[in-house]
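Q: Which chain is which? The protein sequence lines are A and B, in order.
For the first sequence, my numbering begins at 1334 and goes up steadily by one.
For the second sequence, my numbering begins at 197 and goes up steadily by one.
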Amino acid sequence: MPIPSALSPAVVAAALMFVASGSQAQVTFDDHRGVPIAFDSPPERVVTIVRSAPLIYRAIDETDAHIVGMNRDSLTRYFTSGLYAEILPEMANVPASAAQEGFVPNVEAILEQAPDAVIQWIYDPEIIEPMERVGLTVVGWDCCTEQHRLDYLTLTGLMTGRTDRAEAILGMQSDALGDLAESVAALDQDGWPSVLHIDQIGDQIRVIANGSQDLSLSGVTNPAADDTGEWWRTVDLEQLLAWNPDLIVIPAYATDLDPQAFFDHPILSNLAAAESGRVYKQPFFARTPDAPEIYLTSIWLAMVAHGDGFADDFRRQISDTYETIYGSALTAEQLDAALETEANAGSAGFAGLFN
Amino acid sequence: MAVVSDEARAGVRLTPALVMPSLTALLLATVLVSVTLGRYDLSVPQVAAILLDNVIPFETVTWEPVQELVVEQVRLPRILAAVVIGFGLAVSGAALQGMFRNPLVDPGIIGVTSGAGFGGTLAILLGLTGSVLLAIAFAFGMGSILMVKMLATVRRRTSMLTLVLAGVVVSAFFTAAISVAKLLADPFQKLPAITYWLMGSIASSDYADVLLISVAVLPASLVIYLLRFQINILSLGEEKARALGTPVGLVQWMILIATAVISAGVVATSGIIGWVGLVIPHAARALVGASHQRLLPASGIIGAIYLLLVDDIARTATTSEIPIGIITALIGVPVFALILRRIHAHGGWTNY
């Protein structure tokens, strides 16, 4: 079985161990801590504390039958309203008491679900140790590089015994981003527009300084980026005017903010991006950077930055992607909702590109 | 053993006729320097021309509209906000230190800061911003002073000790309530917003904010100034004040309400900015003495200069906006420690 070449060595080794043992035999792999994980067969009962893990597990496993618990954040963020709630309604019925706030496990609630495995972040041993102390098997996920995100799919493929699904989704991502890279390579790099991702403009103005999205894939630059590693940065109005980006993108999670807020703002409306109408609300598929469909965001950004020519039929591509990943093709209304068509109605070129 | 004269013990003091003009001139100079500082690249002549254009309109404009926007709509409102807030916090601190006869008192002691802080936190938690946030924060700030009054008044009498303890109780209650609100907040959006707001910032101030802060700070500061002689008498002690015919209870509550209005107004518009009301009155006292006739205006102007300089650092040091409350604390703590040592070395705090 071919393994996608972009995977980290540890996960490749783990995958080979799985392949050697056969899909219904013992599953053995190392998690992101390097801890060996072994199951006699793919776990029947899995609890997830990583916020996006239920989405990934549901996508790879093609069923919710094996997810028996999740983080409350996962439920409220993804499955009580919005597109995921529409296309994956069964996920709202999964018990959501694995962690009340943040990622601190509620060990007793997890034990009540009698899980075979718990998926948890590894940034703090204190959020893993209480579960291992009571004998739970914890699969640790690291965050937040591109490689880690690819690994989430591979690790989930190994856990579920569905490496075919993991490979198919990874292949789809890889092919789409390869095509995008080819198109972007034809652009003059000196002419790449500057883009700021801004998620708050009220009492505080917050930009994404060093996010996980590789903006060069879309042929754009980020004037706020530096080598501090600081993800978000709170800045003042004057700094925004000094950067004066060509485009502004409002992250999908910033549900209270839309482009009109920039167009109506007494000061921010003077930014080059606002004056030219190039302020855009990010589509739904950027709601979480860990979701398997996140790569669509890079294509979308290339389109709003450079115009058409990066996808033959982007609406069709979105629908096909959701059908492949979640088994549900999107209706026209769902596509409009995913693209934030209403919020972007006044944004330059949006209707021509996406309607 | 050398004998230290009273004059030397009092430190360097300018003659009263010179102090206020000197401080006022220094404040104006600081404002002018501050308006030339910022992340947006503007030369001093450009800023001067943009400002002068408001007084003597130029026939030919040599600057871009965005440059005028930066000076007049971004920097100036922020500078004015810093001046008014610094003035108000320092005046209320000086008044409370005199009234309580305690050098460790600042506006936070009466519970208003925490109360208004909780109001703002609650508003952010509920997704409310702008004028609604401001109104809720102010209402909780004023509500907390009512709670303090209810807790501290027994048989229609209020002792200073009970007042301070009631302030501590109310403050502790609202601090705990803020913690609960933070626990319930969405960790990606609302929790950072709450945390940042609580640390204090005037980054987004516009002229409407300046007007609102001024409406809270200036009349209340005037009330405090009109009570300057009564504060002098109160600083001699309650019994002496009563013997001299001062309506102690009335004066105390007028000062408390005036300082509460200032604190609630500042917190509502700008978050919690600590240490200004504690440190600045000591610096002013070293300069003009303990009489509140001079101490109150001197504290106000020094507070305005201080907060303006702090805000200059907050907005120019890095591309990130540094919460102003962090800088006031970082500077205030060591400065206050030095002042305490000086007070101790000179034989203790003096009320007059």
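Every residue, glycine too, gets a C-beta built ideally from N, C-alpha and C.
1. Would you call the CB atoms of B/Met338 and B/Ile427 closer than 8 Å?
2. List, in chain order, every chain B residue whose beta-carbon is nearer than 7 Å to that of A/Pro1428.
3. With a cut-off of 8 Å on the beta carbons, I'd call A/Pro1622 and A/Ser1545 a contact; round off their distance for me.
4. So is A/Ala1701 in contact with chain B if we call contact Cβ pairs under 8 Å?
5. Relative to the C-alpha of A/Asn1577, which residue among A/Gln1480, A/Leu1590, A/Ala1585 and A/Phe1595 is closest?
6. Let me make sure I understand the geometry here. Which of B/Arg490, B/Pro519, B/Ile509 and B/His542 has the alpha-carbon closest to that of B/Leu214?
7. Classify A/Ala1450 as helix, strand or coil using the three-state DSSP reduction.
8. Contact between the stretch 266-278 of chain B and the stretch 303-321 of chain B is defined here as three or more beta-carbon pairs at a separation below 8 Å; is this criterion met?
9. Based on Cα-Cα distance, which residue from A/Arg1539, A/Gly1535, A/Leu1520 and A/Phe1372 lies nearest to A/Leu1529?
10. Put A/Pro1369 into one of helix, strand or coil per three-state DSSP.
11. B/Val199: buried (16+ other C-beta within 10 angstroms of its C-beta) or exposed?
12. Can you confirm whether B/Phe384, when its beta carbon is compared against all beta carbons of chain A, has any partner nearer than 8 Å?
13. Going by DSSP, what residue range makes up the alpha helix (DSSP H) through A/Gly1473?
14. Could you tell me whether the Cβ of A/Gly1685 comes closer than 8 Å to any Cβ of chain B?
15. Between the alpha carbons of A/Asp1363 and A/Asp1373, how many angstroms are there, rounded?
16. Please classify A/Ala1353: does DSSP put it in a helix, a strand, or coil?
17. With DSSP as the reference, label A/Gln1533 as helix, strand or coil.
18. Could you pull the start and end residues of the beta strand (DSSP E) that A/Gly1402 belongs to?
19. Residues bridged to A/Trp1565 by DSSP?
20. Check each candidate in A/Pro1599, A/Tyr1613 and A/Leu1668 and name the one with the smallest Cα separation from A/Leu1590.
21. Once DSSP output is grouped into helix, strand and coil, what is the label at B/Arg353?
22. With a cut-off of 8 Å, does the C-beta of B/Ala437 fall near any C-beta of chain A?
23. Hey, out of A/Pro1592, A/Leu1503 and A/Leu1634, whose CA is closest to A/Asn1555's CA?
24. Just the C-alpha distance for B/Ala319 and B/Ala333, rounded to the nearest angstrom, thanks.
25. Taking the straight line between their C-alpha atoms, what separation do you get for B/Glu203 and B/Leu430?
26. Can you tell me whether A/Phe1643 is helix, strand or coil according to DSSP?
27. Could you name the residues of chain A that B/Thr524 contacts, counting a contact when the two beta carbons are closer than 7 Å?
28. So with Cβ pairs under 8 Å, would you call A/Glu1515 a contact of chain B?
29. Would you mind reading off the limits of the beta strand (DSSP E) that contains A/Thr1361?
30. Measuring CB to CB, does B/Ile520 end up less than 8 Å from B/Asp507?
31. DSSP three-state call for B/Val257: helix, strand or coil?
32. Take A/Ser1338 and list the residues in its own chain whose beta-carbon comes closer than 8 Å to its own, dropping the five residues that flank it on each side.
33. Going by C-alpha distance, which of B/Met343, B/Val360, B/Leu361 and B/Gln385 is nearest B/Thr317?
34. Relative to the C-alpha of A/Val1553, which candidate in A/Ile1632, A/Met1492, A/Arg1495 and A/Ile1651 has its C-alpha closest?
35. By Cβ distance, which residues of its chain are closer than 8 Å to B/Val279, with the 5 residues on each side in sequence left out?
36. Beta carbon of B/Val411, beta carbon of B/Phe283: below 8 Å?
A: Reading it off the structure:
1. Indexing the second sequence from 1 puts residue 338 of chain B at position 142. Indexing the second sequence from 1 puts residue 427 of chain B at position 231. Their beta carbons are not under 8 Å apart, which means B/Met338 does not touch B/Ile427 by this criterion.
2. As a working note, residue 1428 of chain A is residue 95 in the first sequence. The premise fails here: A/Pro1428 is roughly 20 Å from chain B at the closest Cβ pair, so nothing lies under 7 Å.
3. The count along the first sequence starts at 1 and reaches residue 1622 of chain A at position 289. The count along the first sequence starts at 1 and reaches residue 1545 of chain A at position 212. Yes, A/Pro1622 and A/Ser1545 are in contact; Cβ-Cβ is about 5 Å, under 8 Å.
4. This structure cannot speak to residue 1701 of chain A, because chain A is shown only from 1334 to 1688.
5. Locating residue 1577 of chain A in the first sequence gives position 244, counting from the first residue. Closest by alpha carbon: A/Phe1595.
6. What you label residue 214 of chain B is simply residue 18 of the second sequence in a count that begins at 1. Among B/Arg490, B/Pro519, B/Ile509 and B/His542, the Cα nearest to that of B/Leu214 is on B/Arg490.
7. To locate residue 1450 of chain A, count along the first sequence from 1; it is residue 117. Reduced to three states, the DSSP call for A/Ala1450 is strand.
8. no
9. For the purposes of this step, residue 1529 of chain A is identified with residue 196 of the first sequence, where counting begins at 1. Comparing Cα-Cα distances from A/Leu1529 to each of A/Arg1539, A/Gly1535, A/Leu1520 and A/Phe1372, the minimum goes to A/Arg1539.
10. To locate residue 1369 of chain A, count along the first sequence from 1; it is residue 36. Strand.
11. The residue labelled residue 199 of chain B in the question sits at position 3 within the second sequence. Note that B/Val199 has pLDDT 43, beneath the 50 cutoff, so the model's placement of it is unreliable and no number is given.
12. Numbered from 1 along the second sequence, position 188 holds the residue referred to as residue 384 of chain B. Yes, B/Phe384 counts as interfacial toward chain A.
13. As a working mapping, residue 1473 of chain A is identified with position 140 in the first sequence. Looking at the DSSP string, A/Gly1473 is not in any alpha helix (DSSP H); the run it does join, the beta strand (DSSP E), is Val1471 to Trp1474.
14. Translated into the one-based positions of the first sequence, residue 1685 of chain A becomes position 352. No - not a single Cβ of chain B is within 8 Å of the one on A/Gly1685.
15. As a working note, residue 1363 of chain A is residue 30 in the first sequence. As a working note, residue 1373 of chain A is residue 40 in the first sequence. Each residue's alpha carbon lies about 15 Å from the other.
16. What you label residue 1353 of chain A is simply residue 20 of the first sequence in a count that begins at 1. With a pLDDT of 45 at A/Ala1353, under the threshold of 50, the modelled position of this residue cannot be trusted; read the value that follows with caution. Of the three classes helix, strand and coil, the one that applies to A/Ala1353 here is helix, per DSSP.
17. Here residue 1533 of chain A is taken as the residue at index 200 of the first sequence, counted from 1. Of the three classes helix, strand and coil, the one that applies to A/Gln1533 here is strand, per DSSP.
18. Residue mapping note: residue 1402 of chain A aligns to position 69 of the first sequence, counting from 1. Residues Ile1400 to Gly1402.
19. On the first sequence, position 232 is the one that residue 1565 of chain A refers to. In the DSSP output, where bridge partners are listed per residue, A/Trp1565 has A/Ile1541.
20. Looking up residue 1590 of chain A in the first sequence gives position 257. A/Leu1590 has its Cα closest to that of A/Tyr1613, out of A/Pro1599, A/Tyr1613 and A/Leu1668.
21. Along the second sequence, read from residue 1 onward, the residue named residue 353 of chain B stands at position 157. B/Arg353 falls in the strand class under three-state DSSP.
22. Residue numbering aside, residue 437 of chain B sits at position 241 when the second sequence is read from its first letter. For B/Ala437, the answer is no, since every Cβ of chain A falls outside 8 Å of its Cβ.
23. Walking along the first sequence from the start, residue 1555 of chain A turns up at place 222. Among A/Pro1592, A/Leu1503 and A/Leu1634, the Cα nearest to that of A/Asn1555 belongs to A/Leu1634.
24. As a working mapping, residue 319 of chain B is identified with position 123 in the second sequence. As a working mapping, residue 333 of chain B is identified with position 137 in the second sequence. So the two alpha carbons sit approximately 8 Å from each other.
25. Within the second sequence, residue 203 of chain B is the residue found at index 7, counting from 1. Within the second sequence, residue 430 of chain B is the residue found at index 234, counting from 1. Summary for B/Glu203: the model assigns pLDDT 48, below 50, so the residue's position carries little reliability; its value from the coordinates is reported in the next sentence. When rounded, the distance between both Cα atoms is 24 Å.
26. Numbered from 1 along the first sequence, position 310 holds the residue referred to as residue 1643 of chain A. Here A/Phe1643 sits in coil by DSSP.
27. Taking the first residue of the second sequence as position 1, residue 524 of chain B is located at position 328. Correct list: empty, because the minimum Cβ distance to chain A is about 17 Å.
28. As a first step, residue 1515 of chain A is located in the first sequence; it is residue number 182 there, counting from the start. Taking Cβ atoms only, chain B never reaches closer than 8 Å to A/Glu1515, which makes this a no.
29. Locating residue 1361 of chain A in the first sequence gives position 28, counting from the first residue. Residues Val1360 to Asp1363.
30. On the second sequence, position 324 is the one that residue 520 of chain B refers to. On the second sequence, position 311 is the one that residue 507 of chain B refers to. Yes, these two residues count as a Cβ contact at 8 Å.
31. Residue 257 of chain B sits at position 61 when you count from the first residue of the second sequence. Reduced to three states, the DSSP call for B/Val257 is coil.
32. Looking up residue 1338 of chain A in the first sequence gives position 5. Caution applies to A/Ser1338, whose pLDDT of 40 falls short of 50 and renders its modelled position unreliable; the model cannot decide the point.
33. Locating residue 317 of chain B in the second sequence gives position 121, where the first residue counts as 1. It is B/Gln385 whose Cα lies nearest to the Cα of B/Thr317.
34. Residue numbering aside, residue 1553 of chain A sits at position 220 when the first sequence is read from its first letter. Answer by Cα proximity: A/Ile1632.
35. The residue labelled residue 279 of chain B in the question sits at position 83 within the second sequence. Around B/Val279: Leu223, Val227, Ala500, Leu503 and Leu504.
36. Reading the second sequence from its first residue, position 215 is the one you call residue 411 of chain B. Reading the second sequence from its first residue, position 87 is the one you call residue 283 of chain B. No; because the gap between Cβ atoms is not below 8 Å, this pair is not in contact.
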